[in-house]
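> Sending over a structure as structure tokens; questions will come in a sec.
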Amino acid sequence: MLPQPTWINEHGGPDSGPPILHDFSSNANPLGAPDNVVQAIQMADRQRYPDPGYRALRESMALSLSTQVARVWPTAGSSEAIRRLTLAASLRGVRQVWVPQPGYGDYQAAAQALGLQVKGYANGEALLSALASQVGPSLVWLCEPCNPTGQSLPPSFWAALGSLRHQKTGLTLALDRAYEPLRLVGQDPVPAALAEQCWQLYSPNKALGLTGVRAGYVIAPADDEHIHMNDFQALAPSWVVSAEGVAMLQAWHHPDTQAWLARSRQTLALWMAAQRTALARAGWHGEPSVVPFMLARPAHAVGSLRAHGIKLRDASSFGLPGWVRLSAQAPHAQQALLQALTQMEDTR
Ligand SMILES: Cc1ncc(COP(=O)(O)O)c(C=O)c1O
48 MLPQPTWINE HGGPDSGPPI LHDFSSNANP LGAPDNVVQA IQMADRQRYP
98 DPGYRALRES MALSLSTQVA RVWPTAGSSE AIRRLTLAAS LRGVRQVWVP
148 QPGYGDYQAA AQALGLQVKG YANGEALLSA LASQVGPSLV WLCEPCNPTG
198 QSLPPSFWAA LGSLRHQKTG LTLALDRAYE PLRLVGQDPV PAALAEQCWQ
248 LYSPNKALGL TGVRAGYVIA PADDEHIHMN DFQALAPSWV VSAEGVAMLQ
298 AWHHPDTQAW LARSRQTLAL WMAAQRTALA RAGWHGEPSV VPFMLARPAH
348 AVGSLRAHGI KLRDASSFGL PGWVRLSAQA PHAQQALLQA LTQMEDTR
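With this note's numbering applied, the sequence shown covers 48 to 395.
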């Protein structure tokens, strides 16, 4: 049973409530952002429109990505890209949209807003067997690594999906890479040849701890018989990405940025391990994860943490009541969380 969306999707991070002192509810890198990226954003030229064709940006990204300029387009973040790709698919006759369950709520919301049929899949096997008997064109959302689970689908799944993609026409694969740059464990299981057949959505703002900068990019499939890059691009408003967004995307592939990110993954891995151990001691059950966030089942209700200035992401809207998603935070924030849990325990 898929959870019902409201007109504003539930997200981690700031909300309409009191100030958040320690935010475990957002998956943004708590170490962000590196100095060179901050400086680039500060120097962004806000007095003029960006180039509406984003030519220089696309050329430099295509060079870094070793792909063709025609396949790279900036977006106002992956949330915008999800809406745009879903609309493009719908205009090309797609009526069915497959979404991971649990998964990022915007896939479902975008499809439902257009009256498309949404089907959830709980794991890779379920998706493969459903797609094998599927009739008619469909859009399939894949999130690797997945939010909220923080887990990867196994290489065997990706290999089988690659074979299916060859056998079946009308499958548009959309691969959300929001958290690949924050992978702490293992390697990207998606074969390069299959990634080339997917619409890939990237959100560097998460790894850079700059989620307020609304910019990302897509890489279009090498060959999509169904939806063309022009379809996707024609649905964007002019200047869809701001000058600040352009500056962030320009800086993303710079070696200094990537070196900073590699160092920050090491710190995040330590913070994640410490946090997991401390919460296990407090009686929480934590699910495995390959990124610096995880699903967990607290020992007791934790709703009152918000009054302590601490926010976790309630996982009810993911169809997981009684669970939370929480990201690795700095030692002082972990300390505050543990203290608040002890105080709540004392008053129980
Ligand atoms: C899986 C996933 N995809 C996409 C997004 C949206 O990212 P953006 O900030 O690029 O719109 C999020 C944000 O939380 C996410 O978790």
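Ideal Cβ placement from N, Cα and C applies to all residues, glycine included.
How many angstroms separate the CA atom of residue 389 from the CA atom of residue 321?
One C-alpha to the other measures close to 17 Å.
> Does DSSP put residue 196 in a helix, a strand or coil?
Of the three classes helix, strand and coil, the one that applies to residue 196 here is coil, per DSSP.
> Would you kindly report the start and end of the unbroken beta strand (DSSP E) that includes residue 147?
Segment 143 to 147, the beta strand (DSSP E) holding residue 147.
> Classify residue 341 as buried or exposed, calling it buried when 16 or more other Cβ atoms lie within 10 Å of its own Cβ.
Buried, by the Cβ-count rule.
> With residue 299 as the anchor, note down where its alpha helix (DSSP H) starts and where it stops.
It spans 290 to 299 - the alpha helix (DSSP H) in which residue 299 sits, taken as one unbroken run.
> Please identify the residue among 61, 79, 58 whose C-alpha is closest to the C-alpha of residue 254.
Of 61, 79, 58, the residue nearest in Cα terms is 79.
> Are the beta-carbon atoms of residue 230 and residue 248 separated by less than 8 Å?
No; because the gap between Cβ atoms is not below 8 Å, this pair is not in contact.
> According to the Cβ coordinates, are residue 141 and residue 165 closer than 8 Å?
No, the Cβ-Cβ distance between residue 141 and residue 165 is not below 8 Å.
> Going along the chain, which residues of its own chain have a beta-carbon closer than 6 Å to the beta-carbon of residue 101, five neighbours each way excluded?
Contacts found: 121.
> Can you tell me whether residue 185 is helix, strand or coil according to DSSP?
Looking at residue 185 - three-state DSSP - the assignment turns out to be strand.
> Check whether the Cβ of residue 258 lies closer than 7 Å to any heavy atom of ligand 1, and answer yes or no.
Yes, ligand 1 has a heavy atom inside 7 Å of this Cβ.
> Strictly by DSSP, which residues pair up with residue 374?
Looking at the DSSP assignment, residue 374 forms a beta bridge with 340.
> Let me know the beta strand (DSSP E) ranges lying completely inside the segment 197 to 268, each 3 residues or longer, listed in chain order.
Qualifying beta strand (DSSP E) stretches, in chain order: 218 to 223, 246 to 249, 263 to 266.
> What's the call for residue 213, buried or exposed, on a 16-neighbour Cβ count within 10 Å?
Residue 213 should be labelled exposed.
> Ends of the alpha helix (DSSP H) at residue 324?
It spans 302 to 328 - the alpha helix (DSSP H) in which residue 324 sits, taken as one unbroken run.
> Out of 137, 116, 289, 216, which one is the CA nearest neighbour of residue 98?
Nearest option by C-alpha distance: 289.
> Any heavy atom of ligand 2 within a distance shorter than 7 Å of the CB on residue 245?
Within the structure as shown, ligand 2 is missing, the only ligands being ligand 1.
> Taking the alpha helix (DSSP H) that residue 154 falls in, what are its first and last residues?
Here the alpha helix (DSSP H) through residue 154 covers 152 to 160.
> Spatial neighbours of residue 116 within its chain, please: C-beta separation below 7 Å, excluding the five flanking residues on both sides.
The answer, listed in chain order, is 105, 106, 109.
> Can residue 379 be considered in contact with ligand 1, in the sense that its beta carbon sits closer than 7 Å to one or more heavy atoms?
It does not: the Cβ of residue 379 is nowhere closer than 7 Å to a heavy atom of ligand 1.
> Would you check whether ligand 1 has a heavy atom nearer than 7 Å to the C-beta of residue 124?
Within the cutoff, so yes.
> Could you tell me which of 303, 139, 259 sits nearest to residue 271, measuring between CA atoms?
Checked all of 303, 139, 259; the closest Cα to residue 271 is 139.
> I want to check one thing, is the minimum distance from the CB of residue 252 to the heavy atoms of ligand 1 below 7 Å?
Yes, ligand 1 has a heavy atom inside 7 Å of this Cβ.
> From the DSSP output, which residues share a beta bridge with residue 85?
Note: residue 85 sits in no beta bridge, so no partner.
> How would you write the range of the alpha helix (DSSP H) that residue 171 sits in, first residue to last?
Start and end: 171 to 179.
> Between residue 375 and residue 315, how many whole angstroms is the CB-CB distance? I'm expecting something under 8 Å.
At roughly 5 Å, the Cβ-Cβ gap stays under 8 Å, so residue 375 and residue 315 are in contact.
> Roughly how many angstroms separate the alpha carbons of residue 176 and residue 354, rounded to a whole number?
So the alpha carbons of these two residues sit roughly 46 Å apart.
> With C-beta atoms as the reference, is residue 216 less than 8 Å away from residue 186?
Contact: no.
> Does the beta-carbon of residue 263, which I'm using as the reference point, lie nearer than 7 Å to any heavy atom of ligand 1?
Yes, Cβ of residue 263 sits closer than 7 Å to a heavy atom of ligand 1.
> Tell me whether residue 156, by its Cβ, gets closer than 7 Å to a heavy atom of ligand 1.
Every heavy atom of ligand 1 is 7 Å or more from the Cβ of residue 156, so no.
> Please confirm whether any heavy atom of ligand 1 lies closer than 7 Å to the CB of residue 225.
Yes, the Cβ of residue 225 comes within 7 Å of a heavy atom of ligand 1.
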